[in-house]
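Chemist: For the sequence shown, position 86 matches number 973 in this note's numbering, and the numbering has no gaps at all. Encoded as structure tokens, here's the structure I'll be asking about.
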Amino acid sequence: MTQGDVTTYTLSVLEMVAHSGTMAKMVLVLLLLFSIISWAIIFNKFFVYRNAKKEDGAFLSKFSKSESLTNIYNYSRDLKYSPVARVFLTGYHELYLFQELAKTERERAGTADPENGVITEADLKGISLALNKAINREIDRLASRLEFLATTGSITPFIGLFGTVWGIMHSFRVIGVKGSASIGGVAPGIAEALIATAAGLLAAIPA
């Protein structure tokens, strides 16, 4: 739209994207992919952490009130998200195995009642090692795919900046070819170039 000697551009963001160059579009598509994957991970982790916190609270309540490890074990098997419950299941399983081994050894030696298996200090170290491995597995499970969010937060601003620099270079090249440096000729190209930086920040900030 023209009023006197002043030209007003009313291009929307979508129109500026449509008028941008091939490189700028490729950058925007790449940033869009980063953003979609990041949001999928964010929502997934939100629900996983929320359910894990809820089930952890339920397990700890059951654990503090029940005096039977078997009852706690049966209850824990129904908890799908609780990392604490899974660590307990590992410890319970290892404890059961060592008790059975102790009973078997004492039964063979004939030195004690086979119904009374004794856990030795070495057995406790084995159970502790199994628990530590279970804890590390749960940490890795809860932290899985978070490295992608860290990568997105680190590199997408620079990808957007690359798109902006490329767009500004293209704008100045056009200015050099046309020999016109008016604000009306420069502004649209620069505006299109800055969209890449904005897109990079939009992808990086949530991640």
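Positions of the beta carbon are idealized from the N, C-alpha and C atoms, including for glycine. Note that this is a predicted model, so its numbers are computed, not measured.
Roughly how many angstroms lie between the CA atoms of residue 935 and residue 944, to the nearest whole one?
Modeler: Within the sequence shown, numbered from 1, the residue matching residue 935 stands at position 48. Within the sequence shown, numbered from 1, the residue matching residue 944 stands at position 57. Each residue's alpha carbon lies about 14 Å from the other.
Chemist: Considering Cα atoms alone, identify which of 1086, 1090, 1018 is closest to residue 1035.
Modeler: Here residue 1035 is taken as the residue at index 148 of the sequence shown, counted from 1. Checking every option, the nearest Cα to that of residue 1035 belongs to 1090.
Chemist: Which whole runs of the alpha helix (DSSP H) in the segment 1017-1065 are 4 residues long or more, in chain order?
Modeler: Runs found: 1033-1065.
Chemist: Taking 8 Å as the limit between beta carbons, can you name the residues of its chain near residue 899, skipping five residues before and five after?
Modeler: Your numbering for residue 899 matches position 12 in the sequence shown. Taken in chain order, the list of residues that qualify is empty.
Chemist: Alpha carbon to alpha carbon, how far is residue 968 from residue 939? Give it in angstroms, no decimals.
Modeler: Position 52 of the sequence shown, counted from the first residue, corresponds to residue 939. Position 81 of the sequence shown, counted from the first residue, corresponds to residue 968. Taking the straight line from one Cα to the other gives about 5 Å.
Chemist: In this structure, does DSSP put residue 968 in helix, strand or coil?
Modeler: By 1-based counting over the sequence shown, the position of residue 968 is 81. It is coil, neither helix nor strand.
Chemist: Taking the CB atoms as reference points, tell me whether residue 966 and residue 942 lie closer together than 7 Å.
Modeler: Counting from 1 along the sequence shown, the entry for residue 966 is found at position 79. Counting from 1 along the sequence shown, the entry for residue 942 is found at position 55. Yes, they are a contact pair.
Chemist: What does a CB cutoff of less than 7 Å around residue 1051 pick up in its chain, not counting 5 residues either side in sequence?
Modeler: Within the sequence shown, residue 1051 is the residue found at index 164, counting from 1. Hits under 7 Å: 1080, 1081, 1083, 1084.
Chemist: Return helix, strand or coil for residue 954, following the three-state DSSP convention.
Modeler: Walking along the sequence shown from the start, residue 954 turns up at place 67. Note: residue 954 maps to coil in three-state DSSP.
Chemist: Just to confirm my understanding: we take residue 1003, look at its own chain, exclude 5 residues before and 5 after, and list those with CB closer than 6 Å. What are they?
Modeler: Position 116 of the sequence shown, counting from 1, holds the residue named residue 1003. Residue confidence is low: residue 1003 scores 49 on pLDDT, short of 50, so the model does not pin down where it sits. Its coordinate-derived value is still stated next. Here the set comprises nothing.
Chemist: On the three-state DSSP scale, how would you describe residue 978?
Modeler: In the sequence shown, the residue the question calls residue 978 occupies position 91. Helix, per DSSP.
Chemist: Under 7 Å Cβ to Cβ from residue 1039, same chain only, skipping five residues before and after it: list those, please.
Modeler: If you number the sequence shown from 1, residue 1039 lands on position 152. The residues are 921, 925, 1090, 1091, 1094.
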